[in-house]
Amino acid sequence: MSERTAPVPAADRSSSYREAYARLVAAQKTAARGAPAYSRFVNRRLGRFLAAWAYSRGLTPNQVTGLSALATFTGIALLALLPQTWWLGVVVAGALVLGYALDSADGQVARLSGTSSQAGEWLDHVVDATKVVTLPLALLVGLYRFDAVDDGWLAIPLLHAVVGTVLFFAMILTEQMRRARGTTSVAEPGQAGRLRALLLVPTDYGVLCLSFLLLGLPVAFLVVYGALVLATTLFVLAALVKWFRELS
Numbered sequence: 001m002s003e004r005t006a007p008v009p010a011a012d013r014s015s016s017y018r019e020a021y022a023r024l025v026a027a028q029k030t031a032a033r034g035a036p037a038y039s040r041f042v043n044r045r046l047g048r049f050l051a052a053w054a055y056s057r058g059l060t061p062n063q064v065t066g067l068s069a070l071a072t073f074t075g076i077a078l079l080a081l082l083p084q085t086w087w088l089g090v091v092v093a094g095a096l097v098l099g100y101a102l103d104s105a106d107g108q109v110a111r112l113s114g115t116s117s118q119a120g121e122w123l124d125h126v127v128d129a130t131k132v133v134t135l136p137l138a139l140l141v142g143l144y145r146f147d148a149v150d151d152g153w154l155a156i157p158l159l160h161a162v163v164g165t166v167l168f169f170a171m172i173l174t175e176q177m178r179r180a181r182g183t184t185s186v187a188e189p190g191q192a193g194r195l196r197a198l199l200l201v202p203t204d205y206g207v208l209c210l211s212f213l214l215l216g217l218p219v220a221f222l223v224v225y226g227a228l229v230l231a232t233t234l235f236v237l238a239a240l241v242k243w244f245r246e247l248s
């Protein structure tokens, strides 16, 4: 994703945006089979809008990845640096949602501009891997620094850091091994696919981002956050067994 797209004249940006968006809709990539509802139906659409905007302004995929990292890690840093208030929850949730949408947009810009590269894919995965572990750890630090809850609650973000890291690594490794075998996973068609996407909502990173809207009520937030972490943990345990058998 390191090549630069040709700059678009300012007068043509409006039409360029519409054309880019139409091309993205026409060339919509099939969702992964395990993609939950927010990621599949909301985040991809937000990413499409942002990808069309970025393309119309001549941004490269790597620059979009950089914007995603900036938004995401700003929200993560605020979690560790500031006390838990309602407005911080809104800011953090907004930053994480924007970062997630831009994370979807960089790949769409790459496909639209024909500048996909292994370096760009590597950069995207490195940013994602860093996000997965730093988000719960920053939350843990913030809760501890400002004595927001009893120490027992801190086990939840600690567990989340472990589970999230294992899930991310296992997903990436499984997908790479599938590619080596010449197989891929695609979304189930029709109602079955939509039902699966809805059932996986508790494991959705986008839903996790939105849960930070409750940050100003630390105990209520941790109850919701804990439920999401528990659902993700159960999913990981089941998925690891399935993936191991699939690759055996």
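Residue 7 in my numbering sits at position 7 of the sequence shown; the count goes up by one each step and never skips.
From the three backbone atoms N, C-alpha and C, an ideal C-beta is built for every residue, glycine too.
Asked	Found
Extent of the continuous alpha helix (DSSP H) run through Trp53	44-56
Straight-line Cα distance separating Ala71 from Met177	32 Å
Terminal residues of the alpha helix (DSSP H) in which Phe169 lies	155-181
Cβ contact (3+ pairs, closer than 8 Å) linking the segment 102-112 and the segment 136-150	no
Given Ser68 as reference, the closest of Leu50, Gly58, Val162 once Cα atoms are compared	Leu50
Contacts around Ala231, its chain only, beta-carbon distance under 8 Å, and the 5 residues preceding and following it disregarded	Pro202, Thr203
Whole-number beta carbon distance between Ala54 and Val64, since they are thought to touch under 8 Å	5 Å
Per-residue DSSP class, three states only, for Pro9	Legend: pLDDT at Pro9 = 46, less than 50; position of this residue unreliable, value from coordinates given subsequently. Correct three-state label for Pro9: coil.
Ser104 and Asn43 closer than 9 Å at C-beta	yes
Neighbour-count burial assignment, Ile172, 16 or more Cβ in a 10 Å radius	exposed
contact_flag[the segment 209-217, the segment 90-97] where n(CB pairs < 8 Å) is 3 or more	yes
Contact under 9 Å by Cβ, Phe169 with Ala129	yes
Cβ-Cβ separation, Leu24 to Arg48 (assumed contact under 8 Å), whole Å	5 Å
Same chain, Cβ closer than 7 Å to Thr165, five either side skipped, listed in chain order	Val132, Val133
Straight-line Cα distance separating Ala80 from Ala238	32 Å
Beta-carbon spacing of Pro36, Gly206 below 9 Å	yes
Buried/exposed call for Gly182, threshold 16 Cβ in 10 Å	exposed
Inter-residue Cα distance where the pair is Leu98 and Leu78	15 Å
When Ala155, Ile76, Ala119 are compared against Tyr100, the one with the closest alpha-carbon	Ile76
Segment limits, alpha helix (DSSP H) that includes Phe235	218-247
Opening and closing residue of the alpha helix (DSSP H) in which Asp128 lies	118-145
Run of the alpha helix (DSSP H) containing Arg40, from where it starts to where it stops	Element bounds for Arg40: n/a, residue is neither H nor E.
Nonlocal neighbours in the same chain, by C-beta distance under 7 Å from Ala20, ignoring five residues either side	Ala52, Tyr55, Ser56, Leu112
Between the CA atoms of Thr60 and Gly142 - distance to the nearest angstrom	34 Å
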